[in-house]
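Peer 1:
In the working numbering, the protein residues as written are 282 to 368.
(1) According to DSSP, residue 330 sits in a beta bridge with which residue or residues?
(2) Are residue 289 and residue 310 close, meaning C-beta to C-beta below 8 angstroms?
(3) Below 8 angstroms, can you find three or more Cβ-Cβ pairs linking the stretch 341-356 to the stretch 312-319?
(4) Whole-angstrom Cβ separation of residue 358 and residue 295, contact assumed at under 8 angstroms?
(5) Over what stretch of residues does the beta strand (DSSP E) that includes residue 361 continue unbroken?
(6) Going by beta carbon distance, what residues of the same chain come within less than 7 angstroms of residue 301, once the five residues before and after it are set aside?
(7) Give me, in chain order, the residues of the same chain whose beta-carbon lies closer than 6 angstroms to that of residue 287; leave out the 5 immediate sequence neighbours on both sides.
In structure tokens form, the structure reads like this:
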């Protein structure tokens, strides 16, 4: 469940196509120590799971269906994205 409050406007630092899906990398100021691998974060309103994290960077796997049904298919490096952590 999400609060509906945007906590950060991150920036896409990369979108690597993996077959019909993708690996999305987002730079953010969200505190790294508060986020764990496996946490759910809404990215532009789409619930995604954190698969990697680094200093100021989060990575997510985006399924083929999500790529097909959302605006993620149009996202490019540098695109702003709304970030919201789950409750």
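Each residue gets a CB set at the ideal place from its N, CA and C atoms; glycine is no exception.
Peer 2: In terms of the structure at hand:
(1) Here residue 330 refers to the residue found at position 49 of the chain shown. Partner(s): 321.
(2) Taking the first residue of the chain shown as position 1, residue 289 is located at position 8. Taking the first residue of the chain shown as position 1, residue 310 is located at position 29. Contact flag set, yes.
(3) no
(4) Residue 358 sits at position 77 when you count from the first residue of the chain shown. Residue 295 sits at position 14 when you count from the first residue of the chain shown. Confirmed, Cβ separation roughly 6 angstroms.
(5) The residue given as residue 361 occupies position 80 in the chain shown. Looking at the DSSP string, the run of the beta strand (DSSP E) that includes residue 361 is 361-366.
(6) Here residue 301 corresponds to residue number 20 of the chain shown, with the count starting at 1. Counting only Cβ-Cβ distances below 7 angstroms, and skipping sequence neighbours, we find 345, 348.
(7) Your numbering for residue 287 matches position 6 in the chain shown. Contacts found: 363, 365.
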